[in-house]
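Novice: Below are the structure tokens for one structure; questions will follow.
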Amino acid sequence: MIIFQVILSISSLVLQNCLFNSVCKKELTTNDHVYRFNMMLYAVSILLFGIGLIGGSISLYTVLLGLLFGTVTALSNLYKMRSLSTGPMHITLLITTSSMIIPTMSGLFFGERFSILKLALVLILIGFLYLSLDSKKGDAKANRHWLFFCALAFVFQGSIGVLQKIHQSSPHKDEASAFLFVAFICSLLYSRIRAKKSYRELQFTKKHVLLAVICGLCTYSMNFLNLKLSGMLPSQLFFPLVNGSAIVLSSLLSVLLFKERLTGRQLVGLCGGIACLVGICLV
22 MIIFQVILSI SSLVLQNCLF NSVCKKELTT NDHVYRFNMM LYAVSILLFG IGLIGGSISL
82 YTVLLGLLFG TVTALSNLYK MRSLSTGPMH ITLLITTSSM IIPTMSGLFF GERFSILKLA
142 LVLILIGFLY LSLDSKKGDA KANRHWLFFC ALAFVFQGSI GVLQKIHQSS PHKDEASAFL
202 FVAFICSLLY SRIRAKKSYR ELQFTKKHVL LAVICGLCTY SMNFLNLKLS GMLPSQLFFP
262 LVNGSAIVLS SLLSVLLFKE RLTGRQLVGL CGGIACLVGI CLV
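Structure representation (structure tokens):
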């Protein structure tokens with residue numbers, strides 16, 4: 022049962038990555054466009070979490086932590102999508118997915134063992150990330166913006182795993198649907214407040230709505246499953262397993278479906294980064 026849940030979580034993440042990359046490259050080119058798209062995405066997730074909340078309980082602890090989780094999730098999605106709109110999918114996802122280092126390290130605070138070999142792999146991973154940043158001359162400004170968005174996405178996405186672990190290590194871990202329901206209401210409100218009137222410049226079509234609904238289903242699936250799995254599996258296994266597998270599949274699809282090209286240096290950085298992620302998972 023756990024294996025099936027892990028596979029479903031990974032599949033949801035890979036599908037969402039591909040859809041985000043497709044719609045961000047050509048259409049969602051500003052923060053306002055991303056906010057509006059995310060509002061629809063969050064609405065679908067809220068509906069599904071609300072159904073799961075029927076007959077359940079909710080504590081003040083869950084509400085407060087859920088509000089924090091919702092804000093972090095909204096910021097993570099924003100900067101991940103802005104990164105995809107300004108840079109290549111395979112390298113962007115390698116950087117943002119490597120944020121699993123943060124929750125993996127957090128296992129130390131939950132009484133989990135940590136190996137020196139795993140730490141060494143993390144340091145090597147940073148070196149491969151440097152190789153993967155093969156910026157083009159004459160496009161320094163765009164690359165600075167992309168790197169800035171990636172850095173923010175890295176921090177916020179990594180924080181999501183830590184908050185999941187905190188909730189599932191508490192006496193209120195059975196309030197998963199309530200926790201995520203509150204979180205995504207917060208994410209929706211955050212996106213609505215931040216969105217400006219200028220988002221009307223992009224007319225959303227049935228295609229955008231359909232993509233938002235599918236992404237909402239993916240968001241619901243991977244958040245609910247990941248929250249549960251974070252309390253069932255050790256941090257050093259769960260986070261690298263899910264994120265490492267997702268980056269391998271997403272990177273392959275970026276080349277096969279989106280025809281993105283790799284330079285020799287980027288190929289070394291990407292392959293080395295993937296090897297490190299897999300190694301962290303296996304150690």
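With positions in the sequence shown counted from 1, the corresponding number in the numbering used here is that position plus 21. We put the CB at the ideal spot given by N, CA and C, even for glycine. What you are looking at is a predicted structure, and each value in this text was computed from that prediction instead of being measured.
#1: Under three-state DSSP, which class holds K158?
#2: Would A204 and L74 be called neighbours here (beta carbons separated by less than 8 angstroms)?
#3: Please confirm if the stretch 224-239 is in contact with the stretch 252-271, defined as three or more CB-CB distances below 8 angstroms between the two stretches.
#4: If I follow the unbroken alpha helix (DSSP H) through D195, where does it start and stop?
#5: Does the pairing of the stretch 44-53 with the stretch 238-252 give three or more beta-carbon distances under 8 angstroms?
#6: The alpha helix (DSSP H) that contains L298, what's its start and end?
#7: Do the CB positions of L49 and M102 come within less than 8 angstroms of each other?
#8: Measure the Cβ-Cβ separation of M121 and G182 and say whether it is below 8 angstroms.
#9: G76: which of C236, L209, D195 and L283 sits nearest, CA to CA?
#10: Between the stretch 202-216 and the stretch 57-66, do three or more beta carbon pairs fall short of 8 angstroms?
#11: Helix, strand or coil, according to DSSP, for Y220 in the structure here?
#12: Measure the C-alpha to C-alpha separation of I335 and A141 and round it to an integer number of angstroms.
#13: So for I309, helix, strand or coil by DSSP?
#14: Between L99, Q287 and L68, which has its C-alpha nearest T51's C-alpha?
#15: Assuming L34 and M243 form a contact by the criterion Cβ under 8 angstroms, report the distance between their Cβ atoms to the nearest whole angstrom.
#16: Report buried or exposed for S78, applying the criterion of at least 16 other Cβ atoms within 10 angstroms of its Cβ.
#17: Just confirm the distance between the C-beta atoms of V289 and G265, as a whole number of angstroms; I'd bet it's less than 8 angstroms.
#18: Does the beta-carbon distance from G294 to F177 come in below 8 angstroms?
#19: When burial is assigned at 16 or more other CB atoms within 10 Å of the CB, is I206 buried or exposed?
#20: Going by beta carbon distance, what residues of the same chain come within less than 7 angstroms of S104, once the five residues before and after it are set aside?
#21: Counting C-beta neighbours from all protein chains within 10 Å, is the total for I147 16 or more, i.e. buried, or is it exposed?
#22: Can you check whether the CB of L88 is closer than 8 angstroms to the CB of L291?
#23: By alpha-carbon positions, which one of M22, C39 and I28 ends up nearest to L277?
#24: Looking only at C-alpha atoms, which of P192, L184 and S275 sits nearest to T94?
#25: Taking just the CA atoms, how far does K139 sit from R282?
#26: Which same chain residues, not among the five before or five after S97, have their C-beta less than 8 angstroms away from its C-beta?
#27: If the criterion is Cβ atoms closer than 8 angstroms, does the pair S80 and H188 meet it?
#28: Could you tell me if P261 is buried or exposed, where buried requires 16 or more neighbouring beta carbons within 10 angstroms of its beta carbon?
#29: Excluding the 5 residues flanking F259 on each side, which residues of the same chain have their C-beta closer than 7 angstroms to its C-beta?
#30: Span of the alpha helix (DSSP H) holding T226?
#31: Determine the direct distance from the alpha carbon of C239 to that of A296, and round the result to whole angstroms.
Specialist: On the basis of the supplied data:
#1: Annotation note: pLDDT 43 at K158 (below 50); position unreliable, no value reported.
#2: Pairing A204 with L74 gives a Cβ-Cβ distance that is not under 8 angstroms.
#3: Contact fails: fewer than three Cβ-Cβ distances are below 8 angstroms.
#4: Segment: none, D195 is in no alpha helix (DSSP H) and carries neither H nor E.
#5: no
#6: G285 to L303
#7: yes
#8: yes
#9: D195
#10: yes
#11: At Y220 the pLDDT is 49, less than 50, meaning the model places this residue with poor confidence; the figure from the coordinates comes in the next sentence. Of the three classes helix, strand and coil, the one that applies to Y220 here is helix, per DSSP.
#12: Examination of residue 335 is not possible in this model, given that the chain is present from 22 through 304 alone.
#13: Examination of residue 309 is not possible in this model, given that the chain is present from 22 through 304 alone.
#14: L99
#15: Confirmed, about 5 angstroms.
#16: Around the C-beta of S78, fewer than 16 other C-beta atoms lie within 10 Å, and the residue is accordingly described as exposed.
#17: Between G265 and V289 the Cβ distance is about 18 angstroms, and since that is not below 8 angstroms, they are no contact.
#18: No. Outside cutoff.
#19: buried
#20: T113, T117, W167, F170, C171 and A174
#21: exposed
#22: Cβ distance not < 8 angstroms, so L291 and L88 don't count as in contact.
#23: C39
#24: L184
#25: Using only the alpha carbons, I get a separation of about 31 angstroms.
#26: A174, F177, Q178, S180 and I181
#27: no
#28: buried
#29: L250 and S251
#30: It is not in any alpha helix (DSSP H) - T226 carries neither H nor E in the DSSP assignment.
#31: 26 angstroms
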